[in-house]
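Chemist: Sharing a structure with you now.
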Amino acid sequence: QLTVEHELQFKMLQAAFFHMPHPSDSERLRLHLPRQPCQTPLYYPQVSGLDPLV
Amino acid sequence: MVTDQFGMVGLLTFIRAAETDHNLVSLALGSDLTTLGLNLNSPENLYPNFAGPWAETPCRPQDIDYHVPQEYLTNQQIRGKLAPVKFDRYGEDLLFYMFYSNAGDLLQILAAAELYNRDWRYHKEDRVWITRAPGMAPVDKGPNYERGTYFYFDAQNWRKVPKEFHLEYDKLEERPHIPTPGG
Amino acid sequence: FQDPPALQEKTEVLLREWIQMYHSPTAGQGSASAFQHFVKQMNLHGILKTDDLITRFFRICISMCRDLCVRSILEQGQGPSPTYVRSKCFQNLDAFVRLIALLVKHSGEATNPTTKINLLNKVLGLVCGIMIHDIESNGTEFQQLPYHRILIMLFLELNAPEAILESINLPVCEVLMAFTQTLHLLRPSKCPGFAYAWLEIVSHRVFIGRMLAITPQQKGWSMYSMLLADLFKFLAPFLRNAELAKPLTMLYKGTLRVLLVLLHDFPEFLCEYHYGFCDVIPPNCIQMRNLILSAFPRNMRLPDPFTPNLKVDMLPEITVSPKIHTSVANLIQPPEFKKNLDSYLKNRTPVTFLSDMRTYLQQVSNEPGMHYNMSVMNSLVLYVGMQAIAQINSKGLTPSMSTIAHSAHMDIFQNLGVDLDTEGRYLFLNAIANQLRYPNSHTHYFSCTLLHLFAEANTEAIQEQITRVLLERLIVNRPHPWGLLITFIELIKNPSFKFWSHEFVKCAPEIEKLFESVARSCM
Chain A
1 QLTVEHELQF KMLQAAFFHM PHPSDSERLR LHLPRQPCQT PLYYPQVSGL
51 DPLV
Chain B
55 MVTDQFGMVG LLTFIRAAET DHNLVSLALG SDLTTLGLNL NSPENLYPNF
105 AGPWAETPCR PQDIDYHVPQ EYLTNQQIRG KLAPVKFDRY GEDLLFYMFY
155 SNAGDLLQIL AAAELYNRDW RYHKEDRVWI TRAPGMAPVD KGPNYERGTY
205 FYFDAQNWRK VPKEFHLEYD KLEERPHIPT PGG
Chain C
238 FQDPPALQEK TEVLLREWIQ MYHSPTAGQG SASAFQHFVK QMNLHGILKT
288 DDLITRFFRI CISMCRDLCV RSILEQGQGP SPTYVRSKCF QNLDAFVRLI
338 ALLVKHSGEA TNPTTKINLL NKVLGLVCGI MIHDIESNGT EFQQLPYHRI
388 LIMLFLELNA PEAILESINL PVCEVLMAFT QTLHLLRPSK CPGFAYAWLE
438 IVSHRVFIGR MLAITPQQKG WSMYSMLLAD LFKFLAPFLR NAELAKPLTM
488 LYKGTLRVLL VLLHDFPEFL CEYHYGFCDV IPPNCIQMRN LILSAFPRNM
538 RLPDPFTPNL KVDMLPEITV SPKIHTSVAN LIQPPEFKKN LDSYLKNRTP
588 VTFLSDMRTY LQQVSNEPGM HYNMSVMNSL VLYVGMQAIA QINSKGLTPS
638 MSTIAHSAHM DIFQNLGVDL DTEGRYLFLN AIANQLRYPN SHTHYFSCTL
688 LHLFAEANTE AIQEQITRVL LERLIVNRPH PWGLLITFIE LIKNPSFKFW
738 SHEFVKCAPE IEKLFESVAR SCM
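Protein chains in written order, with my numbering: chain A, 1 to 54; chain B, 55 to 237; chain C, 238 to 760.
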């Protein structure tokens, strides 16, 4: 069973869950093309990047 | 037999409980770790492109900061002089670049929307952009399809390639939906 | 408390001035020109006069940056997009971080890192203190963003490839130590509201690179192992409870991803620190534990465990002892237990030792599943095994089914198997199974030991529990440690164990099917 302390820890974690870190939080500020993640259709490429030679 | 939780019956009870309680599954049977978005067969190290514990894909090339000579950092000087981002000003080449290098980002959708405006259509099954070859009408056309020569954009070789297609209209994406800000 | 008069106002003015200068096109490369001018301002205002004033200055700056950021976040509900809000926060926070980095780099003499490190430790200590106070004051309203941004950007700034920074970081990794200490103070059990941000920092590609790859002689490894153990210790009670609500599933899944990266890129790290990790990972966390135990050195080629007639005792690797960074002997507590243990291993006296062992392993607790001290159990098992291997080797022999038997060491293991209740036995067998890893002397010895205990068991309950411990590690999704596979394959294939004749193999249709499926994939 969880102790009272664990229940409190969970409450704090749960609160943090609703404002989890964003990938841009660990990146240099980009004013012109900031990250704007959004749901894209599954048939679009899901991984960025192109062949380096290309 | 051992009748408490520490024998085979205990294991069986836990497995049976996990069949209905999805929270228990992840501990009872674990999960398929190959679906976490990491290329576990990669001959290169994963950490240089690791995008974080909750990223489904590795870092995009543009996300990886690198310490370059200070002289290269001209953004402070030119910042005020850059034109705002407007997709209708860009060539197809750049639109395709934006589309393929910004997976999961609003920029991908905006690039797709502009390509749609320029009569490119995204084939949902073949996963390529297609447009009609100028001056070449379809050789066959029905209510739900057409057939003829089209250009598709080959992202691997970075060029437009003519090809014959039998196009079912329902396989082509309609106008991309641009999410509302904050949505 | 009791800031000198007007210090708050002075600090606010200075901070605003600095932020403006930082963003100005005339700031210079790396904000050098701006910094030169700003230091003069700080001197003019007397900020750099005393250590106390510098400390208060930083404290007020951190609080102000935090307040500005939190205010922006709260305004988000009224319209501004998340991207805009973050951009606004970062403009202030990044400027402040640049100031800290420059002050650290340029304080004291260029060739003497002590002043610089002291200043860094001071700032990090202030961040910790303010954050902990923030959490205590605001509880679930706590916002991690400003602290996360300060810590990660400061880390990135201080790990730039500059000579002055390399002189601080080498040869004793002072910057890494400072950040490790900070992150340890802010570990998830202490600051659960910061747990997600904490894991983002600890698993950041630059942080991992510095800790595990770039820093020479693996000096970052023990620091990183401490941080990982902090994470496991936080997760442990919730994983033991087995009810994983979404916030915990998220954290657990993130942990698995990080472990996968470590398994792929730094398997030797997991190999060398596996013992400490297994000490804190709860027994029911089987896949996560298997991940760690599956690690093997990159230069090793593992023989296919499914090879017919695989002669494990002919493998050269089984004579090599794995590196373990824990002093296992010191974990056998109390000292009296260790003394009696050593005496028994040497002389098989005192005779009461075997029956007394259980008392040392148990702990006072009414909670189910908490009746035994797992740390003492694990250390006892590994210590006895290591002593056994050493003794066998001293006779010019290698561990095998015949050489491991008839020894004080095996007396201890057999006694534990018989004397402990089902819970104790389960934990004891888990301690053995935790050593079934890549080919090495420990894997081989403990594989033989487990099979020996099965063969020599005087009750079917012992055999059942050995089977349970092996099977539950095999039915989870991959990866599976090599040693686990070869032990189980030997158990089911070798007719001398009469495995298939036991009742527990057929006790329920699901169990029968499980065994058939596992046996099919093994054979």
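For glycine and all other residues, C-beta sits at the position ideal for the given N, C-alpha and C. From a predicted model like this one, the values you see are computed outputs, not experimental measurements.
1. Jot down the residue ranges of each uninterrupted alpha helix (DSSP H) in the stretch 405-433 of chain C, minimum 4 residues, whole runs only, in chain order.
2. Determine the direct distance from the alpha carbon of ARG186(B) to that of TYR204(B), and round the result to whole angstroms.
3. ASN731(C) to MET537(C), Cα distance in whole Å?
4. Looking at C-alpha atoms only, which residue of HIS19(A), SER26(A), THR3(A) and TYR43(A) is the closest neighbour of PRO484(C)?
5. Starting from the beta carbon of MET487(C), find every residue of chain A whose beta carbon is closer than 7 Å, and list them in chain order.
6. Using a beta-carbon distance cut-off of less than 9 Å, what residues from the stretch 372-391 of chain C approach chain A?
7. Taking any Cβ of chain A, which residues in the stretch 183-214 of chain B have a Cβ under 8 Å from it, in chain order?
8. If I measure Cβ to Cβ from THR111(B) and keep anything under 6 Å in the same chain, skipping five residues before and after, which residues do I get?
9. Below 8 Å on the Cβ atoms is my contact criterion, and I expect ALA479(C) with ASN521(C) to pass it. Report the Cβ-Cβ distance as a whole number of Å.
10. For the stretch 113-126 of chain B, enumerate the residues whose C-beta is nearer than 8 Å to any C-beta of chain A, in chain order.
11. Closer than 7 Å between beta carbons: that is the criterion. Which residues of the stretch 61-83 of chain B meet it against chain A?
12. Can you list the residues of chain C that MET55(B) reaches, using a CB-CB cut of under 8 Å?
13. Counting only the same chain and skipping the five closest in sequence on each side, list residues whose C-beta sits under 8 Å from that of ILE69(B).
14. Take LEU767(C) as the anchor and find which of ASP541(C), SER592(C), CYS685(C) and HIS511(C) has the nearest alpha-carbon.
15. Taking DSSP's pairing of strands, which residues face TRP183(B) in a bridge?
16. Based on DSSP bridge pairs, tell me the residues matched to ARG201(B).
17. Give the DSSP bridge partners of LYS214(B), in chain order.
18. Using the C-alpha atoms, what's the distance from ILE284(C) back to VAL498(C)?
19. Taking Cβ to Cβ, would you say CYS326(C) is nearer than 8 Å to THR248(C)?
20. Relative to the alpha-carbon of MET190(B), which residue among PRO216(B), GLU179(B) and LEU127(B) has its alpha-carbon at the smallest distance?
21. What is the rounded straight-line gap between the Cα of LEU496(C) and the Cα of LEU530(C)?
22. Closer than 7 Å by C-beta to MET457(C): which residues in its own chain qualify, once you throw out the five before and the five after it? Chain order, please.
23. Which residues in chain B sit within 9 Å of GLU7(A), going by Cβ to Cβ distance?
24. On the DSSP letters alone, give me the boundaries of the alpha helix (DSSP H) that PRO553(C) sits inside.
25. Among all the DSSP beta bridges, which residues are the ones paired with LEU226(B)?
26. By Cβ distance, which residues of its chain are closer than 8 Å to ALA137(B), with the 5 residues on each side in sequence left out?
27. Drop a sphere of 10 angstroms on the beta-carbon of THR40(A), count the other beta-carbons inside from all chains shown, and report buried for 16 or more, exposed for fewer.
28. Please list, in chain order, the residues of the stretch 432-463 of chain C that have any C-beta partner in chain B closer than 7 Å.
29. Pairing CB atoms from the stretch 651-671 of chain C with CB atoms from the stretch 613-625 of chain C, are three or more of them under 8 Å?
30. Taking only the alpha-carbon atoms, compute the straight-line gap between LEU391(C) and GLN328(C) and give it to the nearest angstrom.
31. Anyone know if the C-beta pair for PHE104(B) and ARG386(C) falls short of 8 Å?
32. Taking CB distances under 8 Å as the criterion, tell me whether VAL493(C) reaches chain B.
33. Listed in chain order, which residues of the stretch 155-180 of chain B have Cβ atoms closer than 9 Å to some Cβ of chain A?
34. Verify the CB distance criterion: does PRO429(C) have a CB-CB separation below 8 Å to chain A?
35. What does DSSP give as the partner residues of ASP159(B) in its beta bridges?
36. Just to confirm my understanding: we take LEU464(C), look at its own chain, exclude 5 residues before and 5 after, and list those with CB closer than 7 Å. What are they?
Modeler: On the basis of the supplied data:
1. The stretch 405-433 of chain C is shown to contain whole alpha helix (DSSP H) runs of 4 or more residues at 411-422, in chain order.
2. Here residue 204(B) refers to the residue found at position 150 when the second sequence is read from its first residue. Here residue 186(B) refers to the residue found at position 132 when the second sequence is read from its first residue. Distance from the CA of TYR204(B) to the CA of ARG186(B), rounded to the nearest whole angstrom, comes to 5 Å.
3. Within the third sequence, the letter at position 494 stands for residue 731(C). Within the third sequence, the letter at position 300 stands for residue 537(C). Going by the C-alpha atoms only, they are around 27 Å apart.
4. Against the third sequence, residue 484(C) aligns to sequence position 247. Nearest C-alpha to PRO484(C): HIS19(A).
5. What you label residue 487(C) is simply residue 250 of the third sequence in a count that begins at 1. The answer, in chain order, is PHE17.
6. The residues in question are ILE372, GLY376, THR377, GLU378, PHE379, GLN380, GLN381, LEU382, HIS385, ARG386, ILE389 and MET390.
7. Residues are counted here when their Cβ sits less than 8 Å from a Cβ of chain A; for the stretch 183-214 of chain B these are ALA209, GLN210, ASN211 and TRP212, given in chain order.
8. Counting from one through the second sequence, the residue named residue 111(B) turns up at place 57. If we look at THR111(B) and ignore the five residues flanking it on each side, its Cβ neighbours are GLY91.
9. Locating residue 479(C) in the third sequence gives position 242, where the first residue counts as 1. Locating residue 521(C) in the third sequence gives position 284, where the first residue counts as 1. The Cβ separation is near 6 Å, so the contact holds.
10. Taking 8 Å as the Cβ-Cβ cut-off against chain A, the residues of the stretch 113-126 of chain B that qualify are ARG114, PRO115, GLN116, ASP117 and ASP119.
11. Of all residues in the stretch 61-83 of chain B, none has a C-beta nearer than 7 Å to a C-beta of chain A.
12. Taking the second sequence and counting its residues from 1, the one referred to as residue 55(B) is at position 1. GLU697, ALA698, GLU701, GLU740, PHE741 and CYS744, listed in chain order.
13. Stepping through the second sequence from its first residue, residue 69(B) is reached at position 15. Result list for ILE69(B): ALA82 and LEU83, in chain order.
14. This structure gives no information on residue 767(C), because the portion of chain C shown stretches from 238 to 760.
15. One-based indexing of the second sequence puts residue 183(B) at position 129. According to DSSP, TRP183(B) shares a beta bridge with TYR176(B).
16. Here residue 201(B) refers to the residue found at position 147 when the second sequence is read from its first residue. According to DSSP, which records beta bridges pairwise, ARG201(B) is partnered with ASP194(B) and HIS220(B).
17. By one-based count along the second sequence, residue 214(B) stands at place 160. Per the DSSP secondary-structure output, LYS214(B) pairs in a beta bridge with PHE207(B).
18. Translated into positions along the third sequence, residue 498(C) becomes position 261. Translated into positions along the third sequence, residue 284(C) becomes position 47. Using only the alpha carbons, I get a separation of about 45 Å.
19. Within the third sequence, the letter at position 89 stands for residue 326(C). Within the third sequence, the letter at position 11 stands for residue 248(C). Remark: C-beta atoms of CYS326(C) and THR248(C) do not approach each other more closely than 8 Å.
20. For this step, residue 190(B) is matched to residue 136 along the second sequence. Per the Cα distances, PRO216(B).
21. As a first step, residue 496(C) is located in the third sequence; it is residue number 259 there, counting from the start. As a first step, residue 530(C) is located in the third sequence; it is residue number 293 there, counting from the start. One C-alpha to the other measures close to 11 Å.
22. Numbered from 1 along the third sequence, position 220 holds the residue referred to as residue 457(C). Note that residue 457(C) corresponds to Gly in the displayed sequence, not to Met. Closer than 7 Å at Cβ, skipping near neighbours: CYS410, LEU413, ARG447, MET448 and LEU449.
23. As a working mapping, residue 7(A) is identified with position 7 in the first sequence. Going along chain B, no residue has its Cβ under 9 Å from GLU7(A), so there is no contact; the nearest lies around 17 Å.
24. Translated into positions along the third sequence, residue 553(C) becomes position 316. Run containing PRO553(C): none; DSSP gives neither H nor E here.
25. Position 172 of the second sequence, counting from 1, holds the residue named residue 226(B). Here LEU226(B) is bridged, per DSSP, to HIS177(B).
26. Position 83 of the second sequence, counting from 1, holds the residue named residue 137(B). The answer, listed in chain order, is ARG143.
27. The residue you call residue 40(A) lines up with position 40 of the first sequence. It counts as buried.
28. For the stretch 432-463 of chain C, residues whose beta-carbon sits nearer than 7 Å to a beta-carbon of chain B comprise LEU436, GLU437, SER440, ARG442, ILE445 and GLY446.
29. Yes: at least three Cβ pairs fall under 8 Å.
30. The count along the third sequence starts at 1 and reaches residue 391(C) at position 154. The count along the third sequence starts at 1 and reaches residue 328(C) at position 91. Looking at the two C-alpha atoms, the distance is approximately 14 Å.
31. Within the second sequence, numbered from 1, the residue matching residue 104(B) stands at position 50. Within the third sequence, numbered from 1, the residue matching residue 386(C) stands at position 149. In this structure, PHE104(B) lies away from ARG386(C), with their beta-carbon atoms at least 8 Å apart.
32. For the purposes of this step, residue 493(C) is identified with residue 256 of the third sequence, where counting begins at 1. The amino acid occupying residue 493(C) in the given sequence is Leu; Val does not appear at that position. Yes, its Cβ sits closer than 8 Å to a Cβ of chain B.
33. Here the close residues are SER155, ASN156, ALA157, GLY158, ASP159, LEU160, LEU161, GLN162, ILE163, ALA166, TYR176, HIS177, LYS178 and GLU179.
34. If you number the third sequence from 1, residue 429(C) lands on position 192. Closer than 8 Å to some Cβ of chain A, the Cβ of PRO429(C) qualifies, so yes.
35. Within the second sequence, residue 159(B) is the residue found at index 105, counting from 1. Paired residue(s): PRO37(A).
36. One-based indexing of the third sequence puts residue 464(C) at position 227. If we look at LEU464(C) and ignore the five residues flanking it on each side, its Cβ neighbours are THR417, LEU420, HIS421 and VAL439.
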